[in-house]
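Scroll down for the structure; my scribbles are underneath it.
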Amino acid sequence: MNRRKFSGKFFTLLFTTTFVGKLLHRRASADTKGYDPSKHYYGMGIQIDKCIGCGRCVEACKEENGVPKEPFFFRTWVERYIIKRNGEVNVRSIDGRISGRDREIEETEILRSFFVPKLCNQCDNPPCVQVCPVGATFKTEDGVILVDEDRCIGCRYCIQACPYGARYLHPEKQTADKCTFCYHRITKGLLPACVEVCPTQARIFGDSKSPASPLTRFKRMNKIHVLKPSLNTDPKVLYSELDGEVR
Amino acid sequence: MNNPITEKLYELLKQVGGYIYPNEIEIHWSILVVVYPYITGLVAGAFILASLVKVFNIQEVQSVYRLSLLTALSFLLVAPLPLLLHLGHPDRSFEIFLNPNFSSAMAMFGFVYAWYLMVVLLLEIWFTYRRDIILWAKNERFPMRLIHRTLALFSTDVSEKAVRFDKKVVKGITIIGIPSAFLLHGYVGFIFGSIKANPWWSSVLMPIVFLFSAIVSGIALVILLYMIITPFRKEPIDMKCLDKMASYLFYAVIVDFSLELLDFIHRLYQSEESIKILSELVMSKLFVSLGIIQVLLGMLLPLGVMIAIKLFRFDDELRKLLYFVSVILIQLGIFATRWNVVIGGQMFSKSFRGLTAYKMELTGFEGLFMSLFLLVLPLIILAIMIKILPPWEPEKNVEYLTD
Chain D
39 MNRRKFSGKF
49 FTLLFTTTFV
59 GKLLHRRASA
69 DTKGYDPSKH
79 YYGMGIQIDK
89 CIGCGRCVEA
99 CKEENGVPKE
109 PFFFRTWVER
119 YIIKRNGEVN
129 VRSIDGRISG
139 RDREIEETEI
149 LRSFFVPKLC
159 NQCDNPPCVQ
169 VCPVGATFKT
179 EDGVILVDED
189 RCIGCRYCIQ
199 ACPYGARYLH
209 PEKQTADKCT
219 FCYHRITKGL
229 LPACVEVCPT
239 QARIFGDSKS
249 PASPLTRFKR
259 MNKIHVLKPS
269 LNTDPKVLYS
279 ELDGEVR
Chain X
332 MNNPITEKLY
342 ELLKQVGGYI
352 YPNEIEIHWS
362 ILVVVYPYIT
372 GLVAGAFILA
382 SLVKVFNIQE
392 VQSVYRLSLL
402 TALSFLLVAP
412 LPLLLHLGHP
422 DRSFEIFLNP
432 NFSSAMAMFG
442 FVYAWYLMVV
452 LLLEIWFTYR
462 RDIILWAKNE
472 RFPMRLIHRT
482 LALFSTDVSE
492 KAVRFDKKVV
502 KGITIIGIPS
512 AFLLHGYVGF
522 IFGSIKANPW
532 WSSVLMPIVF
542 LFSAIVSGIA
552 LVILLYMIIT
562 PFRKEPIDMK
572 CLDKMASYLF
582 YAVIVDFSLE
592 LLDFIHRLYQ
602 SEESIKILSE
612 LVMSKLFVSL
622 GIIQVLLGML
632 LPLGVMIAIK
642 LFRFDDELRK
652 LLYFVSVILI
662 QLGIFATRWN
672 VVIGGQMFSK
682 SFRGLTAYKM
692 ELTGFEGLFM
702 SLFLLVLPLI
712 ILAIMIKILP
722 PWEPEKNVEY
732 LTD
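As they're listed, the protein sequences go chains D and X. Letter by letter, the first sequence follows residues 39 to 285 of this note's numbering. Letter by letter, the second sequence follows residues 332 to 734 of this note's numbering.
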């Protein structure tokens with residue numbers, strides 16, 4: 039092979055690989071093509087009275103996001119509250135797998151009872167982002183708090199700083215993990231997995247920048263409360279019919 | 332998945348009382364994070380003792396000045412290790428230096444640490460020892476000669492002018508050093524005190540309480556070391572020095588105790604949302620480590636002993652014994668203080684409805700043996716440093732220090 043032939047082949051190869059690479063890259067990002075984060079600001083509404091505690095949201099979340107199956111790692115979970123006539127409050131989390139029904143509480147003892155789905159509150163004033171020493175936890179332009187698992191050093195300061203217990207340390211990755219509102223789905227126009235599977239539409243996902251969003255309607259039609267408002271975290275997960283016993 | 336972490340958590344599940352958020356079963360900051368503030372506390376305390384000697388020129392305590400500095404350095408060298416070992420990704424720890432998030436209290440660690448090590452401690456020790464190292468090197472053979480010459484950075488000037496300059500620099504560094512030592516440990520307190528999500532930690536008093544408990548533990552450690560090392564050197568214990576140090580210790584314990592009492596009363600009186608679960612925590616899980624070890628054995632008993640020493644004229648031998656027992660109890664108490672802050676703060680749920688448990692491992696990176704090793708390591712480093720930089724010989728050093 040002479041020099042001219044070699045350089046000819048070399049440049050052809052170079053161009054083809056670059057072109058194919060570009061094409062592949064474009065295909066990979068085609069789904070979120072045209073997605074402009076500055077045009078969105080996400081939030082979730084939860085209608086407590088609609089939740090039946092089936093735990094499908096928990097299961098769907100674990101499936102969708104590769105959350106470890108053991109009952110110590112949750113991006114979302116559902117709490118069951120039973121307030122007894124004597125004022126005693128009984129709380130437990132329904133994890134959809136290991137917990138059975140509580141048989142100890144007699145029906146006649148129960149004053150009121152309800153389920154509360156919980157997840158990362160995607161705070162607008164997030165304490166986790168404030169404390170992360172390396173900026174691995176950050177807020178996106180469209181308002182979602184994410185963890186860069188390639189940068190997280192596993193110091194767990196964010197887990198300590200979260201007032202809602204929404205974070206855990208992934209036992210295999212050894213990095214902090216939490217709900218992302220299924221960011222990989224919502225940027226493609228899909229709903230978060232938990233919202234998608236909820237049979238009673240207790241969870242409402244939407245864009246607060248869009249006047250036609252279900253979230254906007256939720257906010258218009260309900261009296262709204264957030265968890266631990268005194269901490270000034272400014273949650274973007276909003277609850278309707280929230281009981282004062284819920285923390 | 333047969334992960335040892337999850338296996339451990341299944342066991343812990345049985346010890347959970349009341350309701351906790353499901354992600355809260357794991358205690359994330361383990362005994363290593365208890366060791367970290369304990370060690371930095373010792374650093375800050377030992378340094379503050381040294382600074383008191385220098386700034387106020389207190390004659391009685393001159394003989395432990397250098398020992399305090401070396402103690403501070405040897406513990407400071409070990410201080411980052413528990414943090415490093417505790418990280419999920421120690422391989423990425425350098426990110427704290429390269430990519431710090433300036434709103435994070437923890438990100439400041441690198442800067443505070445580097446400042447304290449490089450600007451304060453190393454410089455102060457170097458200028459304090461420079462003349463002596465040069466003189467030692469003159470009468471020595473290989474390898475000590477080489478070690479000392481290298482440590483002196485091959486400077487040879489021992490003229491009066493140079494020595495006067497050294498002294499001036501030491502004084503200057505000490506003046507910067509005191510606020511730096513305050514910063515080093517106050518900042519550790521801030522890491523906890525600034526977490527609004529955790530009512531056990533979230534307190535403006537936290538950095539100050541940390542600071543004074545640091546001073547207590549640092550002075551107690553230097554007393555302990557002095558009392559152990561001196562008989563080994565076949566020297567008599569200087570009772571004036573010991574009494575003076577114990578006197579400082581006494582005042583520091585009183586301030587520390589008052590601050591902690593204030594914190595306690597304030598919490599009780601304010602009686603916020605968390606008071607029920609915190610009372611439960613103190614009365615059950617922390618009863619031994621807080622009620623018995625921290626308060627009774629670590630604070631009230633030594634305080635009583637020291638008051639008795641001040642009131643009655645005990646003879647030297649009895650005083651020595653009482654001091655010795657007191658400083659050991661104080662060390663135990665301060666370690667328990669750190670334990671109660673770090674572990675205690677994670678034992679209750681942020682739902683304020685339940686308590687979880689901490690089961691310490693024996694082996695492994697986050698286990699008891701590693702913690703003990705990290706607590707012994709500074710003593711080994713100190714022993715080596717004392718060999719290379721004897722803090723008491725030759726006698727004329729003391730002359731040079733006090734003049």
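We treat Cβ as the ideally placed atom computed from N, Cα and C, and that holds for glycine.
Checklist entry - Going along the chain, which residues of its own chain have a beta-carbon closer than 6 Å to the beta-carbon of ARG285(D), five neighbours each way excluded? => result none
Partner residues on chain X for THR178(D), Cβ-Cβ distance less than 8 Å: By Cβ distance, chain X contributes nothing, its closest Cβ being about 16 Å from THR178(D), past 8 Å.
| task | Please list the partners that ARG684(X) has in chain D, where partner means a Cβ-to-Cβ separation under 8 Å. | result | VAL127, VAL129, ARG285
(message) I need the straight-line Cα distance from LEU732(X) to GLN393(X), nearest angstrom please.
(response) Confidence is the limiting factor: at LEU732(X) the pLDDT is only 43, short of 50, which leaves the residue's position unreliable and the question unanswerable from this model.
Do THR218(D) and LEU265(D) come within 8 Å of each other at the CB atom, strictly closer than that value?
Their beta carbons are not under 8 Å apart, which means LEU265(D) does not touch THR218(D) by this criterion.
With the cut-off set at 8 Å, would you say LEU380(X) and GLY549(X) are in Cβ contact?
For LEU380(X) and GLY549(X), yes; Cβs fall inside 8 Å.
Along chain D, which residues have their Cβ under 7 Å away from the Cβ of LEU412(X)?
Those do not exist, as LEU412(X) stays about 14 Å from chain D at its closest Cβ, beyond 7 Å.
Could you confirm whether any beta carbon from chain X is found closer than 8 Å to the beta carbon of THR225(D)?
Chain X has no Cβ within less than 8 Å of the Cβ of THR225(D).
Beta-carbon neighbours of ILE143(D), restricted to chain X and to distances below 9 Å | Those within 9 Å of ILE143(D) in chain X number zero; the least Cβ separation is about 14 Å.
Checklist line | Where TRP531(X) sits in the DSSP three-state scheme | finding: coil
Checklist entry - Do GLY737(X) and ALA667(X) have their C-beta atoms within less than 8 Å of each other? => result The question about residue 737(X) has no answer here: the residues shown for chain X are numbered 332 through 734.
| field | Best match in TYR689(X), ILE585(X), LEU536(X) for proximity to PHE595(X) [C-alpha to C-alpha] | value | LEU536(X)
key: Nonlocal neighbours in the same chain, by C-beta distance under 7 Å from PHE513(X), ignoring five residues either side   = LEU542
At what residues does the alpha helix (DSSP H) containing THR371(X) begin and finish? 362–386
- Query: Cβ of LEU344(X) versus every heavy atom of the ligand PLP: is any distance shorter than 7 Å?
  - Reply: Among the components of this structure there are no ligands whatsoever, and the ligand PLP is therefore not found.
Starting from the Cα of THR254(D), find the closest Cα among ALA98(D), GLU101(D), HIS78(D), SER131(D) and give me that residue.
HIS78(D)
*Hey, would you say ALA204(D) sits closer than 8 Å to CYS220(D), going by beta carbons?*
no
Less than 6 Å between C-beta atoms, sequence neighbours within five positions excluded: which residues of the same chain meet that for ILE674(X)? TYR689
Check your understanding: Shorter than 8 Å from the beta carbon of ARG423(X) to some beta carbon of chain D?
Key -> Interface residue, yes.
Taking DSSP as the reference, what is the three-state secondary structure of GLY524(X)?
-> helix
- Give, in chain order, every residue of the segment 522–537 of chain X whose Cβ lies closer than 7 Å to some Cβ of chain D. Listed in sequence order: ILE526, LYS527, ALA528, ASN529.
Q | Opening and closing residue of the alpha helix (DSSP H) in which ILE467(X) lies | A | As written in the sequence, residue 467(X) is Trp, which differs from the Ile given in the question. Where TRP467(X) is concerned, the enclosing alpha helix (DSSP H) stretches over 454–469.
- Query: What are the start and end residues of the alpha helix (DSSP H) that includes PHE256(D)?
  - Reply: 252–259
Within the same chain, show all residues whose beta-carbon is closer than 6 Å to that of LEU269(D), passing over the 5 residues directly before and after it, in chain order.
PRO201
**Study point:** Chain-ordered neighbours of THR213(D) on chain X, where CB pairs are closer than 9 Å
**Key:** GLY419, HIS420
* **Per-residue DSSP class, three states only, for THR114(D)** => strand
- prompt: Could you give the residue range of the alpha helix (DSSP H) that holds PHE440(X)?
  reply: Bounds of the alpha helix (DSSP H) holding PHE440(X) are 440–445.
Three-state secondary structure assigned by DSSP to GLY685(X) | strand
MET493(X) in three-state terms, based on DSSP: Strictly speaking, residue 493(X) in this sequence is Ala, with Met absent from that position. Correct three-state label for ALA493(X): helix.
Query raised in the report: If you measure from the beta carbon of SER434(X) to each beta carbon in chain D, is any gap under 8 Å?
Result: yes
Would you verify that the beta carbon of GLY81(D) is, or is not, closer than 8 Å to some beta carbon of chain X? no
Whose Cβ in chain X lies nearer than 7 Å to the Cβ of ALA199(D)?
-> ILE526, ALA528
Practice prompt. Return helix, strand or coil for LEU693(X), following the three-state DSSP convention.
Written response: coil
With a threshold of 8 Å between beta carbons, is TYR73(D) in contact with chain X?
Not an interface residue.
Of the listed residues ALA577(X), PHE700(X), ASN671(X), nearest to ILE659(X) (C-alpha basis): Distances from the CA of ILE659(X) to each of ALA577(X), PHE700(X), ASN671(X) were compared; the closest alpha carbon is that of ALA577(X).
Worksheet item: Just how far apart, CA to CA, sit ILE197(D) and GLY419(X)?
Response: 13 Å
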